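When the letters of the sequence shown are read in order and numbered with our numbering, they come out as residues 166 to 323.
For each residue, glycine too, the CB sits at the ideal point set by N, CA and C.
This structure is a prediction, so every number in the text was calculated from the model and none was measured.
In what follows, a single structure is set out as structure tokens and then discussed.
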Amino acid sequence: MEREKKKISDSKMEHIYQVRPEHLNPAGRLFGGKLMEWIDEIAAFAAMRHSGGTVTTASVDNLRFIRGAYQNDLIVLTARITYAGNSSMEVRVDTYIEDFQGIRKPINRAYLTLVAVDSKGVPRQVPSILLETENDRAEWEAAERRKELRIQRKREGF
Numbered sequence: 166m167e168r169e170k171k172k173i174s175d176s177k178m179e180h181i182y183q184v185r186p187e188h189l190n191p192a193g194r195l196f197g198g199k200l201m202e203w204i205d206e207i208a209a210f211a212a213m214r215h216s217g218g219t220v221t222t223a224s225v226d227n228l229r230f231i232r233g234a235y236q237n238d239l240i241v242l243t244a245r246i247t248y249a250g251n252s253s254m255e256v257r258v259d260t261y262i263e264d265f266q267g268i269r270k271p272i273n274r275a276y277l278t279l280v281a282v283d284s285k286g287v288p289r290q291v292p293s294i295l296l297e298t299e300n301d302r303a304e305w306e307a308a309e310r311r312k313e314l315r316i317q318r319k320r321e322g323f
């Protein structure tokens with residue numbers, strides 16, 4: 166029996182936050198841990214949409230901070246599924262600062278692996294992805310390479 170397939174667009178998410186005083190570190194910039202929380206949250210929501218249920222974060226790859234964000238900045242996070250295995254999904258999260266004219270500047274990109282779980286925390290099967298564009302295909306292939314690297318790092322004890 167073939168697994169259900171879903172479009173990447175079916176699970177895309179976007180969320181906007183405004184940096185407030187409680188989000189700042191002592192240097193006056195957005196606290197990296199707060200941004201990591203937001204990234205994990207939106208990745209989980211995208212994975213929940215794709216899988217149709219509860220998920221748990223297994224790993225975070227390539228969390229790179231490109232530039233800082235400051236009080237009152239608008240932070241836009243976008244998330245989309247890039248890969249679906251049997252029970253795991255890779256989610257790409259892009260983070261931007263958006264000015265009041267709607268121009269976005271990237272501040273972070275992260276790839277997270279989330280696993281769909283049942284009510285007992287046991288991994289469960291997820292739908293596959295319907296690759297509709299060349300960009301979808303390129304993301305899938307890159308995700309497969311990242312998966313191999315994660316497996317290799319795990320074998321090596323990293």
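- Excluding five sequence positions before and after residue 259, the CB atoms of its chain that fall closer than 6 Å to its own CB belong to 243, 274, given in chain order.
- Per the Cβ contact rule, the region 228-235 is not in contact with the region 285-301 (fewer than 3 Cβ pairs under 8 Å).
- The beta carbons of residue 272 and residue 207 sit about 14 Å from each other, so the pair does not count as a contact at 8 Å.
- Between the alpha carbons of residue 227 and residue 213 lies a gap of roughly 22 Å.
- Of all alpha-carbon atoms in 285, 188, 257, the one lying nearest the alpha-carbon of residue 278 is that of 257.
- The shortest CA-to-CA distance from residue 173 to any of 268, 302, 182 is the one to 302.
- Inside the region 211-293, DSSP marks whole beta strand (DSSP E) runs of 3 or more residues at positions 220-230, 239-249, 253-263, 269-281, from first to last along the chain.
- In the DSSP assignment, residue 170 falls within the beta strand (DSSP E) that extends over 170-172.
- In the structure shown, the three-state DSSP call for residue 194 is strand.
- If you compare the alpha carbons of 240, 286, 167, 170 with that of residue 201, the shortest gap goes to 240.
- Beta-bridge partners of residue 181 (DSSP): 241.
- Residue 199 places its beta carbon 8 Å or farther from that of residue 215.
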